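Let me begin by presenting the structure, written as structure tokens, before commenting on it.
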Amino acid sequence: MSLELTNLSKSFKHDTVLDGVSLQVPEGKTLVLFGPSGAGKTVLLRLIAGVIEPDNGQIKISGIDVDGAEPEDRNIGMAFQNFALFPHMDAHANIAAPLTAQRKDQSAIQSGVQALAKLLKIDHVLGHKPKELSNGQKQRTALARALAGKPKILLLDDPLRNVDAKLRFEMRLELPRLLSDQNATVIYVTQDYKEAMAFGDEIAVINDGIVQQIGTPEDIYLTPANVEIARLFGDPVINFLDVTLQKDATGVFVLISDKRIDLDANYSHAIGNECTLGIRPESVLFVNQDHENAVPVTVEAETPLNEKTVNLCLTARGREIMASRPAGTDGPENGPAFVNIEAANAVIFDKQTGVRIESEQSTGEGNVT
Amino acid sequence: MQTTSTLESVLRGIAITAIILFFMFPILWIFLMSFQTNETILRVPPSLFFEPTLTNYRSLISGKLEGSTATLEIRFMSNLYNSLFLSVTSVTVGLILGVPAAYAFARLKFRGSEDIAFTLLSFRFAPPLLVLLPLTIYFQQIGLADTYGGLIWVYQLIVLPLILWIVRGYFEDIPADIEYAYRIAGHGFWATFRKIALPLAGPGIAAAGLLAFIFAWNNFIFALVLASADKQPVTVGALAFITASGINYGQIAAGIMLSIAPTFALALYAQRYLVEGLSLGAVKG
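Chains A and B are the protein sequences, given in the same order.
Here the working numbering is used: the first residue of the first sequence is 1450, the next is one more, and so on.
Here the working numbering is used: the first residue of the second sequence is 47, the next is one more, and so on.
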């Protein structure tokens, strides 16, 4: 079943939580809702689930407006961030809740619960009350409960937030397969950009109650709609340098420490503007001094970061740049060094508004809202 | 450190003993009195040593108060039955009305809900006597005076606000997500109320019910004014012990022992719930 949200708004007292949100999720696809806390993600899920009513706008499930339909009539499965297990029922009864609601007979409930429990590796703790379960088991129980009714729409509210790192890593690998087996339309809420990139057919970045960008994970990573999104996606965070676009006979460029960084000629409409240049740390490469346009920097520190090694460098004017390279590759000693900045992957933002300046040829492609 | 903690525990022991003595002594004294005759009770100086007698209890249960000059009929056992009936029924009615109302006040924010909840609480502010005068007249006009129904109705003034405010705090304590989860799983509003909200608020409902029972049991003034002899609870019935020929301290003591027994037993049994329920209500209500 497809899900279509049109112009949804919701305020609590004078606090506008959602302001004109429109989204579409085709049948069987996964949309990741990504945004910082307080962005309105959870409220949006609750509107879809029907536990709170929107002030404005329309929710269509399979093309049918569900305005006024009670939560129990929407055929939705939902996993809450805080699990929201029924504390007075054991794990079995928790998972069985959607099945008892469908008035399945005892044997069907038994087999349904057993199958899911086996799949999620909690079949040995089915007799336990929620408070006797570990966080990971609670999370799996909550997930099993969401899946048990075979819902056509699955809402997952940051289900990996409250589990430990090891389990989060495992579930990141397992969940996509589990979700595709269900063949459900999924909305997955997260604050973790890696989860967002791993799970989403599409990602909707939501902040301050509005959808700032919708696109594939690649779109969001390579062409973030604004400074904020660029900052949120990527670890270590993207480098920002204040620059002014310039142009001469050979093309458009900016100067960093008096070294020329050539840009795409299609930015010529922004010449003379004060801009913020966004450069991913992996596009900052250490090179020898004789390299053309190598920018002199001082290497301040080195931090190993899982599969990467990150160096913190200072430019001649004292601006910080982070350079990331695959772990195990040769890096510079602390002290003077030179970097080459790969301009092809750079993104340029308006300094005042923080909105990405598009190169002229890509304008109107429509992957940015 | 060792000496301080020893000293501390000794001091604490003394303090606790003093408090227990202070609060328990009257009950102990009455307990002893209930096994004595008027003569041994009133002798000077009072003594802890006496020959225990069961005559007080015997006369209460048989309903015949044997004074020095004549035999007096009393209805102590029927009073006790009235107390039990009135309290249990009032609390039952109070729970049936109060628990769903408390849920509504906790979960469904409707216009004026706070005002209505506060109005219900404000019933407890007015001195009972102020309410009683007009109430007596109305009750006589509509034929509710001196009926169990009328008394139970008036007892709701005591019972309902208590249940409402304590249970409301408990309902508010249940994370709304748990109820949402049950709804989304496909269960309706009433099923969610019965299967999720009620069991989770269970301790609070028990505490509120117990407390309401104790308050109803101890009520004196409503029953004094609104009930005649055959509907009176023990609190009012105890007045019969003050007779023309004197005050029967022994029988009063035995009557007190019998009438506090049910609440005493209940409170002992459920003191854990009581403390929990009250403190929760206080914080959240």
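The C-beta atom is built at its ideal place from N, Cα and C for all residues, glycine as well.
Note that the structure is predicted; figures quoted are calculated from it, not measured.
(request) Determine, using beta carbons only, whether Met1646(A) comes closer than 9 Å to chain B. (result) Mapped onto the first sequence, residue 1646(A) falls at position 197. No, because no Cβ of chain B sits closer than 9 Å to the Cβ of Met1646(A).
(message) Within a Cβ cutoff of 7 Å, which residues of the same chain sit near Phe1702(A), ignoring the five residues on either side of it in sequence?
(response) Within the first sequence, residue 1702(A) is the residue found at index 253, counting from 1. Short of 7 Å from the beta carbon of Phe1702(A), and not among the five residues preceding or following it, lie these beta carbons of its own chain, in chain order: Gln1695, Arg1709, Ile1710, Asp1711 and Leu1712.
(request) Could you name the residues of the segment 243-258 of chain B whose beta carbon sits closer than 8 Å to any beta carbon of chain A, in the order they occur along the chain? (result) Result list: Pro245 and Leu246.
(message) For a quick check, are the C-beta atoms of Arg203(B) and Pro180(B) less than 9 Å apart?
(response) Numbered from its first residue, the second sequence carries residue 203(B) at position 157. Numbered from its first residue, the second sequence carries residue 180(B) at position 134. Note that residue 203(B) is Leu in the sequence shown here, rather than Arg. No, they are not a contact pair.
(message) I'd like to know if Lys330(B) contacts chain A, where contact means its C-beta is closer than 9 Å to some C-beta of that chain.
(response) Here residue 330(B) refers to the residue found at position 284 when the second sequence is read from its first residue. Residue placement at Lys330(B) cannot be trusted, given a pLDDT of 35 that sits under 50; the coordinates are not used to answer.
(message) Let's test the definition: count the other Cβ atoms within 10 Å of the Cβ of Ile66(B) and tell me whether it reaches 16, buried, or not, exposed.
(response) As a working note, residue 66(B) is residue 20 in the second sequence. It counts as exposed.
(request) Taking the CB atoms as reference points, tell me whether Thr281(B) and Asn294(B) lie closer together than 9 Å. (result) The residue you call residue 281(B) lines up with position 235 of the second sequence. The residue you call residue 294(B) lines up with position 248 of the second sequence. It is not a contact, given that the beta carbons lie outside the stated cut-off.
(request) On a CA-only basis, which of Gln1530(A), Asp1572(A) and Ile1513(A) is nearest Asp1539(A)? Give me that one, please. (result) Against the first sequence, residue 1539(A) aligns to sequence position 90. Ranking Gln1530(A), Asp1572(A) and Ile1513(A) by CA distance to the CA of Asp1539(A) puts Asp1572(A) first.
(request) Examine chain A for any beta-carbon lying closer than 9 Å to the beta-carbon of Tyr226(B), and answer yes or no. (result) Stepping through the second sequence from its first residue, residue 226(B) is reached at position 180. By this cut-off, Tyr226(B) is an interface position.
(request) May I have the straight-line CA-CA distance separating Ala1498(A) from Phe1532(A), to the nearest angstrom? (result) As a first step, residue 1498(A) must be located in the first sequence, where it is residue number 49. As a first step, residue 1532(A) must be located in the first sequence, where it is residue number 83. Taking the straight line from one Cα to the other gives about 16 Å.
(request) Note down, in chain order, each residue of its chain lying with its Cβ closer than 7 Å to the Cβ of Phe266(B), except the 5 sequence neighbours on either side. (result) In the second sequence, counting from the first residue as 1, residue 266(B) sits at position 220. Once the five neighbours on either side are set aside, the close Cβ partners of Phe266(B) are Thr281 and Val282.
(message) Here's a check: name, in chain order, each residue in its chain whose Cβ is nearer than 7 Å to the Cβ of Leu1468(A), leaving out the five neighbours to either side.
(response) Counted from its first residue, the first sequence places residue 1468(A) at position 19. Reading off the sequence, residue 1468(A) comes out as Asp, not Leu. The beta carbon of Asp1468(A) sits closer than 7 Å to those of Ser1458, Gly1658 and Ile1659, all from its chain and outside the five residues before and after it, given in chain order.
(request) Could you confirm whether any beta carbon from chain A is found closer than 9 Å to the beta carbon of Arg153(B)? (result) Residue 153(B) sits at position 107 when you count from the first residue of the second sequence. Not one chain A Cβ lies under 9 Å of Arg153(B).
(message) Residues of chain A with CB closer than 9 Å to the CB of Gly229(B), please, in chain order.
(response) Here residue 229(B) refers to the residue found at position 183 of the second sequence. Note that residue 229(B) is Arg in the sequence shown, not Gly. Those are Ala1498, Gly1499, Val1500, Glu1519, Pro1520 and Glu1521, listed as they occur along chain A.
(message) Assuming the contact rule is C-beta atoms closer than 8 Å, Phe1529(A) and Ala1591(A) should be a hit. Round their C-beta distance to whole Å, please.
(response) The count along the first sequence starts at 1 and reaches residue 1529(A) at position 80. The count along the first sequence starts at 1 and reaches residue 1591(A) at position 142. Correct: roughly 7 Å between the Cβ atoms.
(message) Less than 9 Å between the beta carbons of Arg153(B) and Leu208(B), yes or no?
(response) Residue mapping note: residue 153(B) aligns to position 107 of the second sequence, counting from 1. Residue mapping note: residue 208(B) aligns to position 162 of the second sequence, counting from 1. Not a contact, by the Cβ cut-off of 9 Å.
(message) What would DSSP say about Met79(B), mapped onto helix, strand or coil?
(response) The residue you call residue 79(B) lines up with position 33 of the second sequence. Per DSSP, reduced to three states, the secondary structure at Met79(B) is helical.
(request) State buried or exposed for Ser136(B), treating a residue as buried only when at least 16 other CB atoms are found within 10 Å of its CB. (result) The residue labelled residue 136(B) in the question sits at position 90 within the second sequence. That one is buried.
(message) Just to make sure I have the definition right: I need the residues of chain B whose C-beta is within less than 9 Å of the C-beta of Arg1610(A). Which are they?
(response) Start at 1 with the first residue of the first sequence, and residue 1610(A) comes out as number 161. The contacting residues do not exist; Arg1610(A) stays about 14 Å from chain B at best.
(message) Please state whether the Cβ-Cβ distance between Phe81(B) and Pro98(B) is less than 9 Å.
(response) In the second sequence, counting from the first residue as 1, residue 81(B) sits at position 35. In the second sequence, counting from the first residue as 1, residue 98(B) sits at position 52. Closer than 9 Å, so yes.
(message) Quick check on this structure: which residue in Asp1691(A), Ser1717(A), Ile1705(A) and Gly1784(A) has the alpha carbon closest to the alpha carbon of Thr1699(A)?
(response) Here residue 1699(A) corresponds to residue number 250 of the first sequence, with the count starting at 1. For the residues Asp1691(A), Ser1717(A), Ile1705(A) and Gly1784(A), the minimum Cα distance to Thr1699(A) belongs to Ser1717(A).
(request) Could you list the residues in the segment 1598-1623 of chain A with a C-beta less than 7 Å from some C-beta on chain B, going in chain order? (result) Residues are counted here when their Cβ sits less than 7 Å from a Cβ of chain B; for the segment 1598-1623 of chain A these are Gly1598, given in chain order.
(message) When you compare the CB positions of Val1748(A) and Asn1789(A), do they come within less than 9 Å of one another, or not?
(response) In the first sequence, the residue the question calls residue 1748(A) occupies position 299. In the first sequence, the residue the question calls residue 1789(A) occupies position 340. Contact: no.
(message) Using the three-state DSSP reduction, which class does Gln1640(A) fall into: helix, strand or coil?
(response) Against the first sequence, residue 1640(A) aligns to sequence position 191. In this structure, Gln1640(A) counts as coil in the three-state DSSP scheme.
(message) For Glu1521(A) and Gln1586(A), what's the separation of their Cα atoms in angstroms?
(response) For the purposes of this step, residue 1521(A) is taken as residue 72 along the first sequence, with counting starting at 1. For the purposes of this step, residue 1586(A) is taken as residue 137 along the first sequence, with counting starting at 1. Distance between the alpha carbons of Glu1521(A) and Gln1586(A) is about 25 Å.
(request) Identify whether Thr1479(A) lies in helix, strand or coil by the three-state DSSP scheme. (result) In the first sequence, counting from the first residue as 1, residue 1479(A) sits at position 30. In the structure shown, Thr1479(A) sits in a strand (DSSP, three-state: E or B).
(request) Could you tell me whether any Cβ in chain A is nearer than 9 Å to the Cβ of Asp223(B)? (result) For this step, residue 223(B) is matched to residue 177 along the second sequence. Residue contact with chain A for Asp223(B): present (Cβ-Cβ distance below 9 Å to some residue of chain A).
(request) Please name the residues in the segment 1546-1568 of chain A whose beta-carbon is closer than 7 Å to at least one beta-carbon of chain B, in chain order. (result) Only those residues of the segment 1546-1568 of chain A whose C-beta falls short of 7 Å from the nearest C-beta of chain B are listed: Ala1546, Pro1547, Ala1550 and Gln1551.
(request) Express the C-alpha separation of Glu1791(A) and Leu1609(A) in angstroms, rounding to a whole number. (result) Counting from one through the first sequence, the residue named residue 1609(A) turns up at place 160. Counting from one through the first sequence, the residue named residue 1791(A) turns up at place 342. Going from the Cα of Leu1609(A) to the Cα of Glu1791(A) covers about 35 Å.
(message) Starting from Asp1779(A), trace the beta strand (DSSP E) in both directions and tell me its first and last residue.
(response) Locating residue 1779(A) in the first sequence gives position 330, where the first residue counts as 1. For Asp1779(A), no beta strand (DSSP E) segment is defined, and its DSSP state is neither H nor E.
(message) Tell me the rounded alpha-carbon separation between Leu1761(A) and Gly1780(A).
(response) Here residue 1761(A) refers to the residue found at position 312 of the first sequence. Here residue 1780(A) refers to the residue found at position 331 of the first sequence. C-alpha of Leu1761(A) to C-alpha of Gly1780(A): approximately 12 Å in a straight line.
(request) Using beta-carbon positions only, say whether Leu78(B) and Gly301(B) come within less than 9 Å of one another. (result) In the second sequence, the residue the question calls residue 78(B) occupies position 32. In the second sequence, the residue the question calls residue 301(B) occupies position 255. It is not a contact, given that the beta carbons lie outside the stated cut-off.
(message) For Val134(B), tell me which candidate among Ser108(B), Gly234(B) and Ile198(B) has the shortest Cα-Cα distance.
(response) Residue 134(B) sits at position 88 when you count from the first residue of the second sequence. It is Ile198(B) whose Cα lies nearest to the Cα of Val134(B).
(message) Here's the rule: buried if 16 or more other CB atoms are within 10 angstroms of the residue's CB, otherwise exposed. What is Ile220(B)?
(response) Locating residue 220(B) in the second sequence gives position 174, where the first residue counts as 1. Per the 10 Å Cβ criterion, buried.
(message) Please report the straight-line C-alpha distance between Cys1724(A) and Thr1465(A), rounded to a whole angstrom.
(response) To locate residue 1724(A), count along the first sequence from 1; it is residue 275. To locate residue 1465(A), count along the first sequence from 1; it is residue 16. The straight-line gap from Cα to Cα measures roughly 31 Å.
(message) I need the boundaries of the beta strand (DSSP E) containing Arg1806(A), first residue and last residue.
(response) Taking the first residue of the first sequence as 1, we reach residue 1806(A) at position 357. The residue asked about is misnamed: residue 1806(A) is Ile in this sequence, not Arg. Run containing Ile1806(A): none; DSSP gives neither H nor E here.
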